[in-house]
Amino acid sequence: MKPAPFEYHRAHDVRGAVELLTELGDDAKLLAGGQSLVAMMNFRLARPTALVDVGRVDGLRYLRSDGAALCIGALTTHHEVQTARAPRIPDSFGVLSRAARWIGHYPIRTRGTVGGSLAHADSTAEWCLLAVLLDAEIVAESTSGRRSIPAAEFFFGFLDTALRPDEMIVEVVFPRPAPHAALTEFAQRAGDFAIVAAAVDLDVAGGMCRGGRIALGGVDAVPVRVPEAEEVLSGAEIGDELFTACAEAAATAIDPGSDAHGSADYRRMLTRTLVARACREATAV
Numbered sequence: 008m009k010p011a012p013f014e015y016h017r018a019h020d021v022r023g024a025v026e027l028l029t030e031l032g033d034d035a036k037l038l039a040g041g042q043s044l045v046a047m048m049n050f051r052l053a054r055p056t057a058l059v060d061v062g063r064v065d066g067l068r069y070l071r072s073d074g075a076a077l078c079i080g081a082l083t084t085h086h087e088v089q090t091a092r093a094p095r096i097p098d099s100f101g102v103l104s105r106a107a108r109w110i111g112h113y114p115i116r117t118r119g120t121v122g123g124s125l126a127h128a129d130s131t132a133e134w135c136l137l138a139v140l141l142d143a144e145i146v147a148e149s150t151s152g153r154r155s156i157p158a159a160e161f162f163f164g165f166l167d168t169a170l171r172p173d174e175m176i177v178e179v180v181f182p183r184p185a186p187h188a189a190l191t192e193f194a195q196r197a198g199d200f201a202i203v204a205a206a207v208d209l210d211v212a213g214g215m216c217r218g219g220r221i222a223l224g225g226v227d228a229v230p231v232r233v234p235e236a237e238e239v240l241s242g243a244e245i246g247d248e249l250f251t252a253c254a255e256a257a258a259t260a261i262d263p264g265s266d267a268h269g270s271a272d273y274r275r276m277l278t279r280t281l282v283a284r285a286c287r288e289a290t291a292v
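The working numbering puts the last residue of the sequence shown at 292; the count rises by one with no breaks.
Shown next, in the form of C-alpha cells:
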C-alpha cells in the first residue's frame, strides 16, 4: 500500500524542528530513521498530515559518558550502540550494546534510532525496556525549552507517551552503571518483535545477590517492573535455585493478555524461561 498524502518538511536543527511541529499542529510527525513510522504509514495505520524530517539534524548522534551517567543522542542508531566499545560505551554499560543485537535486522539497526524507538513506544522494544529497567531520563525539547521525563512516567500505553505533540526527544540519559545486567527475548523468527522480553539488573557481590530489578516487555501495554520478583533477589545466594524462584515469582505476578502470537499461559511460560536466562547471563558478565 501507499501512504496517505502528506506534506514533507526538512529540519536542519532542533529549534527548527520543534518550531515546525508547533506550526503544523498535532497531526504532524517527526521522521528520524523511519523504520516504524513509514511502515505504519504504508499500511494506513498512521496518517500524519505532515512529516518533519530530522534525519540530518546535527549534534544528536553521540555516545557520551558524563561521570557515572551515559548520555545517548536521540539520532544515534541501534547499530552505533551495538558496535560501540569503551570508552564510547563504558564496560559497565555493556548491556546496551549487547541488547541492541536483538533489534530487528541489520538494515533496521543501521537506520533506526534510539530516540525514534522510545517515541514509538512499543512495549517489546528493547530501548523502552532498558529505559524502564535502568531508570533512564528521556530529554525532550519544544519551543518552551527542555524537560527531562523519567522513563517510569514516560510510557502511557501502546504507542502512547508523555511526549507532547510539539516536543522532540533529543537525548536519553542512563544515570548509573549496570555492570551485571542482561536482556533476552523470544520471537517467532529472528528480527521479529518479541513475544516476551525480559531484562534484569542485579547487585551482586561475593556470591550473594543484594538486590535487583526485573523488567518485562510483551506482557502489558507498556514495559513493566516486577517488584514481586525483585523481592526474591534480596540477600540470596547466587545460583539456579534463586533464578528459578525469581522467574516463578515474575510469571505468577503478571497478568498478560492473549493474542495471535500466544496465549496468556504461553507468555507466563516464556517469562519463567527468559527471566531465569537473563539472571544467568547477568551474573556471568
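We put the CB at the ideal spot given by N, CA and C, even for glycine.
Do you know how far the Cα of residue j is from the Cα of residue i?
i      : j      : result
ALA204 : ARG17  : 35 Å
ALA143 : TRP134 : 10 Å
ALA197 : PHE163 : 28 Å
GLU160 : TYR113 : 31 Å
GLN195 : ARG274 : 13 Å
CYS78  : ARG68  : 10 Å
THR83  : MET276 : 34 Å
ARG108 : ARG220 : 22 Å
ALA76  : GLU30  : 35 Å
THR168 : ALA128 : 7 Å
TYR15  : ASP247 : 54 Å
GLY218 : ARG171 : 35 Å
PRO182 : PHE100 : 10 Å
VAL21  : GLY40  : 16 Å
SER265 : ALA271 : 5 Å
PRO157 : LEU141 : 10 Å
SER304 : ALA24  : One cannot answer for residue 304 here, as it falls past the ends of the chain, which runs 8 to 292.
ILE245 : GLU238 : 14 Å
MET8   : ASN49  : 5 Å
THR290 : VAL211 : 8 Å
ALA185 : GLN89  : 16 Å
ARG51  : ASP262 : 31 Å
LEU225 : GLY66  : According to the sequence shown, residue 225 is Gly rather than Leu. Going by the C-alpha atoms only, they are around 33 Å apart.
CYS216 : HIS187 : 11 Å
ALA285 : VAL292 : 11 Å
HIS268 : ALA132 : 16 Å
VAL139 : PRO230 : 7 Å
HIS19  : VAL61  : 7 Å
PHE193 : HIS86  : 20 Å
SER72  : SER104 : 14 Å
GLY214 : PHE165 : 39 Å
GLU174 : ILE96  : 27 Å
CYS253 : ILE145 : 29 Å
Which of the three DSSP states, helix, strand or coil, is assigned to residue i?
i      : result
MET8   : coil
HIS19  : coil
LEU166 : coil
ASP199 : coil
ALA35  : strand
ALA291 : helix
THR280 : helix
VAL64  : coil
THR311 : Absent from the structure is residue 311, since the part of the chain shown begins at 8 and ends at 292.
GLN89  : helix
ALA285 : helix
ALA24  : helix
Taking only heavy atoms of the ligand NAP into account, decide whether any of them is closer than 7 Å to the Cβ of residue i.
i      : result
LEU166 : Ligands are entirely absent from the displayed structure, and the ligand NAP is therefore not among its contents.
Looking at residue i: is its Cβ nearer than 8 Å to the Cβ of residue j?
i      : j      : result
ALA11  : ALA35  : no
PHE250 : ALA206 : no
LEU125 : VAL64  : no
ALA243 : ARG232 : no
ALA91  : VAL121 : no
ALA201 : ALA236 : no
SER155 : ALA228 : no
LEU240 : VAL102 : no
ARG287 : GLU255 : no
ILE110 : GLY119 : yes
LEU44  : VAL59  : no
LEU70  : ALA106 : no
Based on the DSSP output, what are the partners of residue i in its beta bridges?
i      : result
GLU14  : ALA57
MET175 : GLU148
ARG71  : CYS78
PHE50  : DSSP lists no partner for PHE50.
LEU190 : ALA206
VAL180 : CYS78, GLU144
Looking at chain B, is there any beta carbon in it that lies within less than 8 Å of the beta carbon of residue i?
i      : result
ALA222 : Absence of chain B from the displayed structure is noted, only one protein chain being present.
Whole beta strand (DSSP E) runs in the region 99-159 with 3 or more residues, listed along the chain?
144-149, 152-157
Give, in chain order, every unbroken run of the beta strand (DSSP E) that is at least 3 residues long and sits entirely within the region 201-275.
203-212, 215-224
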